[in-house]
């Protein structure tokens, strides 16, 4: 085989890498601007009545990766472990501990099952108005065929409320397989 | 080009690069979108697409076992470099993508050739590469969640 046979894929990989690197660098200011705008818009929807948010320190709070103080409450970012990976939630919580909204920001769950948590309004809507003591199978109905994912969402919501109110979050009924 | 056994990696670069570019643009325009994460079915889909294209564009290409092993290394490097260049994945996922991508490509290459050769007789001969790729992709669905 000619030497060009070995160099051709190498050249293709390098060219594609450089091209993607350049495009990514060129688009990064646009991506950052869009991300900030989207973040502000989503937070305002999760905590109605609040327009501005300031980052709050979370220290070593378990399952809490970020928190933003708004007018009358917080938007808390939580991370829990679902069936196939990390599950990141944004939860709007008023100062009195009531959940005002939530959305799934990142998940790696199975298509057609746990991944439905992204857009299953009936499931996610069960948490709105709650006080952070949600238990799948008791106060909340799970997504069909996605009990583990549902419990991960419940843990995230409970952790967010606990961050705001300072309550204990442990609940055996929301553990994996519990 | 017809007998270049590594032409498939040029195709794999093109296919994976296109997917990374689409994901990059989509993420820029819609940062809230939850993009597909690397998984065995996705890696298999990319590999099988390149293999099927190679069968149609360079039907005389043939790889020895040593060439397949080297090809798996190329694929692993590709599945690391392209998502890294596009800024799509964190480092931990990049290494896993590279490892699983190389293994998936190696197994896909071997099984694809075996199935395609058996289907390359009679009426389904022209559709053999596409059928082989589709069958293997469906089989790879069973490995969803393993990654």
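Residue numbers (the working numbering), protein chains in the order written: chain P, 1 to 178; chain R, 1001 to 1147. For every residue, glycine included, the Cβ atom is placed at its ideal position computed from N, Cα and C.
Check the Cβ-Cβ distances between residue i and every residue of chain R, and say whether any is below 8 Å.
i, result
"residue 9 of chain P", "yes"
"residue 98 of chain P", "no"
"residue 68 of chain P", "no"
"residue 47 of chain P", "no"
"residue 76 of chain P", "no"
"residue 21 of chain P", "yes"
"residue 171 of chain P", "Residue confidence for residue 171 of chain P is low, a pLDDT of 45 falling below 50, so the modelled location carries little weight; the figure read from the coordinates is stated next. No, residue 171 of chain P lies away from the interface with chain R (no Cβ there is under 8 Å from its Cβ)."
"residue 30 of chain P", "yes"
"residue 117 of chain P", "no"
"residue 177 of chain P", "Because residue 177 of chain P carries a pLDDT of 42, less than 50, the predicted location of this residue cannot be relied on, and the following value inherits that uncertainty. So, not an interface residue."
"residue 139 of chain P", "no"
"residue 17 of chain P", "yes"
Going along chain R in order, which residues have a C-beta closer than 7 Å to the C-beta of residue i?
i, result
"residue 64 of chain P", "Ordered by position in chain R, no residue passes the 7 Å Cβ test against residue 64 of chain P, which lies about 19 Å from the chain."
"residue 24 of chain P", "1024, 1085, 1086, 1087"
"residue 38 of chain P", "1031, 1032"
Between which residues of its own chain and residue i is the CB-CB distance below 8 Å, once the five residues before and five after are set aside?
i, result
"residue 1136 of chain R", "1044, 1048, 1108, 1111, 1112, 1115"
"residue 1020 of chain R", "1082, 1083, 1085, 1086, 1088"
"residue 1078 of chain R", "1009, 1012, 1013, 1016, 1101"
"residue 46 of chain P", "75, 90, 91, 92, 100, 101, 102, 103"
"residue 72 of chain P", "47, 49, 50, 94, 95"
"residue 1106 of chain R", "1068, 1069, 1071, 1072, 1075"
What does a CB cutoff of less than 7 Å around residue i pick up in its chain, not counting 5 residues either side in sequence?
i, result
"residue 110 of chain P", "83, 84"
"residue 1084 of chain R", "1094"
"residue 118 of chain P", "104, 107"
"residue 44 of chain P", "50, 51"
Output, in chain order, the set of chain R residues within a Cβ distance shorter than 9 Å of residue i.
i, result
"residue 42 of chain P", "1032"
"residue 134 of chain P", "Per Cβ cutoff of 9 Å: no residues; residue 134 of chain P is ~22 Å from chain R at best."
"residue 179 of chain P", "In the structure displayed, chain P extends from 1 to 178; residue 179 of chain P sits before or after that span and is not available."
Per DSSP, which residues does residue i bridge with? Please list them.
i, result
"residue 106 of chain P", "P:88"
"residue 1068 of chain R", "Partner(s): none; residue 1068 of chain R has no beta bridge."
"residue 83 of chain P", "The partner list for residue 83 of chain P (beta bridge, DSSP) is empty, contrary to what the question assumes."
"residue 55 of chain P", "P:68"
"residue 6 of chain P", "Paired residue(s): none; residue 6 of chain P is not in a bridge."
"residue 99 of chain P", "P:93"
Under the assumption that residue i contacts residue j (Cβ atoms under 8 Å), give the Cβ distance between them as a whole number of angstroms.
i, j, result
"residue 1124 of chain R", "residue 1131 of chain R", "6 Å"
"residue 1004 of chain R", "residue 8 of chain P", "7 Å"
"residue 58 of chain P", "residue 102 of chain P", "Not really, about 17 Å apart at Cβ, beyond 8 Å."
"residue 155 of chain P", "residue 100 of chain P", "The pair is not a contact, with the Cβ atoms about 19 Å apart (cut-off 8 Å)."
"residue 1076 of chain R", "residue 1099 of chain R", "7 Å"
"residue 130 of chain P", "residue 162 of chain P", "Contact doesn't hold; Cβ gap of about 12 Å is too wide."
"residue 1055 of chain R", "residue 1129 of chain R", "4 Å"
Cβ closer than 8 Å: which chain R residues qualify as neighbours of residue i?
i, result
"residue 27 of chain P", "1024, 1025, 1028"
"residue 35 of chain P", "1031"
Give a yes or no on whether 8 Å exceeds the smallest Cβ distance from residue i to chain P.
i, result
"residue 1017 of chain R", "yes"
"residue 1103 of chain R", "no"
"residue 1037 of chain R", "yes"
"residue 1020 of chain R", "yes"
Can you name the residues of chain P whose CB is closer than 7 Å to the CB of residue i?
i, result
"residue 974 of chain R", "Shown here, chain R extends from 1001 to 1147; a query on residue 974 of chain R therefore has no answer."
"residue 1049 of chain R", "Near residue 1049 of chain R there are no residues of chain P at all, since even the closest Cβ is about 15 Å away, more than 7 Å."
Residue i touches chain P at which residues, Cβ-Cβ below 9 Å?
i, result
"residue 1074 of chain R", "9, 10, 13"
"residue 1144 of chain R", "84, 110, 111"
Among residues of its own chain, excluding the 5 on either side of residue i, which ones have a beta-carbon nearer than 6 Å to its beta-carbon?
i, result
"residue 150 of chain P", "136, 142, 143"
"residue 1041 of chain R", "1140, 1141, 1144"
List the residues of chain P whose Cβ lies closer than 8 Å to the Cβ of residue i, in chain order.
i, result
"residue 1098 of chain R", "Here the premise fails: no neighbours, minimum Cβ distance about 12 Å."
If the cut is a Cβ gap below 7 Å, which residues of chain C does residue i touch?
i, result
"residue 1078 of chain R", "Among the protein chains in the structure shown, which are P and R, there is no chain C."
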